[in-house]
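Down below is the structure, laid out as structure tokens.
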């Protein structure tokens, strides 16, 4: 009898240990793909999920921190999941390489930002993007926005920023001097001279971060391909073109650089925003995505958005239309259900309008109830008049190269031909890897 009891106790002990091992090994990762929310007992102990989020907009950290905190509270209240978010926000110069390294080494963030126009095709082909087509947010996207985050007939990201941009100008200065945004390069030269006659520096220059001078490239290529040489981008993807065809872009680049604020290579984007907001330059080659930072420096500042003249053809003076920062979900996420909850919350019916307003982003979904900003309305007038183009599909690697190349050009370390050769090589190198 004693031996029978010993045997029974041994069996019970083994069964107990096996049960413990079976439940303890998958606490926050094992059921991610089958649904993290299924694991949480709403009436019992909350499950903890650690979510890695990667967004390359450090200047907007305060706004993201608040919205993510709201998301965490919502997940706890509705699903009894304790979400711990590790938010990584590198600057725009370093972010692309950091993210590509993570993705290639199987260390992908659960949710990450990417540029819809520049990066979605490459990331999709590499298998880095979860198909989000069946997610609730998709039905709320405006018809004008949805195509920019769609590839291979699948919605693969939730958009954050839709852009209508060219350059920014100080409305008060232009009004005081009776100036209107110029429609040709010759008119821009006249505006520059008028500003200088009145002791006003025409342009704020802020080239410390390479992504800022690269803005000249999409503006120039977009305008030039819209009014001639329409197949330039397609030919570049087929190794059948050269940026020597775009050499005229240096006309506006040189004009801006010769009539701007000092020490451009030492001035960051944030410093440039403060300089522009405090009247140190009348124009800034920058987009309205810096609106929040500008108005933080000077809440009463009035700025407008206008298309940048590239040459003396007024038909080439056009607004760039784009969707840039968007959020994707990694197919390898171990917490996919929570990651999907987060991207859907980005366009939450009740909360996202306040979030987008705090970021100074444009409304882009039917759930957004706020009015467009004055600078958006400025750009929209050009768009309504047919004076716009879709952001050209230039590989991010090429944009990175032109940013560095123009920094060297401004420092007199590279010639125009050097920059052109570097761009041609960067695109050919991209083609080799992505064909």
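Residue numbers (mature numbering (1 follows the signal peptide of the UniProt record, and there is no 0)): -19 to -1, 1 to 416. Note that the Cβ used here is the ideal one computed from N, Cα and C, for glycine as well.
Using a Cβ distance threshold of 8 Å, residue 308 and residue 148 do not count as a contacting pair.
Put simply, of 230, 298 and 324 the residue whose alpha carbon is nearest the alpha carbon of residue 364 is 298. In chain order, 141 and 142 place their CB closer than 7 Å to the CB of residue 342, counting only its own chain and leaving out the 5 sequence neighbours on each side. In this structure residue 262 is not in contact with residue 163, their Cβ atoms being roughly 16 Å apart against a cut-off of 8 Å. Shown here, residue 382 sits in a helix according to DSSP, grouped into three states. Note that the C-beta distance between residue 371 and residue 302 is below 8 Å. Residue 41 and residue 222 have their C-alpha atoms some 38 Å from each other.
In the DSSP annotation of this structure, the continuous segment of the beta strand (DSSP E) that includes residue 65 starts and ends at 62 to 69.
Residue 118 and residue 135 have their C-alpha atoms some 13 Å from each other.
One thing to note: residue 311 has its Cβ no nearer than 8 Å to the Cβ of residue 128. Leaving aside the five residues that flank residue 49 on each side, the residues in its chain whose CB is nearer than 6 Å to its CB run, in chain order, 66. Remark: fewer than three beta-carbon pairs, one from each stretch, lie closer than 8 Å, so the segment 212 to 219 and the segment 233 to 247 are not flagged as touching.
In this structure, the CA atom of residue 318 is about 40 Å from the CA atom of residue 252.
The Cβ atoms of residue 175 and residue 158 sit closer than 8 Å to each other.
Contact between the segment 33 to 40 and the segment 69 to 77 is established, with three or more Cβ pairs separated by less than 8 Å. Counting only residues of its own chain and dropping the five nearest sequence neighbours on each side, residue 192 has a CB closer than 7 Å to the CB of 73, 74 and 384. In this model, residue 229 and residue 46 are separated by some 43 Å (Cα to Cα). Here the alpha carbons of residue 27 and residue 107 stand approximately 36 Å from one another. For residue 369, the beta-bridge partners assigned by DSSP are 300. Rounded to whole angstroms, the Cβ separation of residue 130 and residue 101 is 7 Å, and the two are in contact under 8 Å. In the three-state scheme derived from DSSP, where H, G and I count as helix and E and B as strand, residue 33 is classed as strand. Here DSSP, grouped into helix, strand and coil, assigns residue 341 to coil. Residue 137 holds the alpha-carbon nearest to the alpha-carbon of residue 105 among 115, 123 and 137. Per DSSP, reduced to three states, the secondary structure at residue 94 is strand.
Under the DSSP definition of a beta bridge, residue 143 partners with 304.
Less than 8 Å separates the beta-carbon of residue 93 from that of residue 80.
Boundaries of the beta strand (DSSP E) harbouring residue 287: 284 to 287, taken from the DSSP string.
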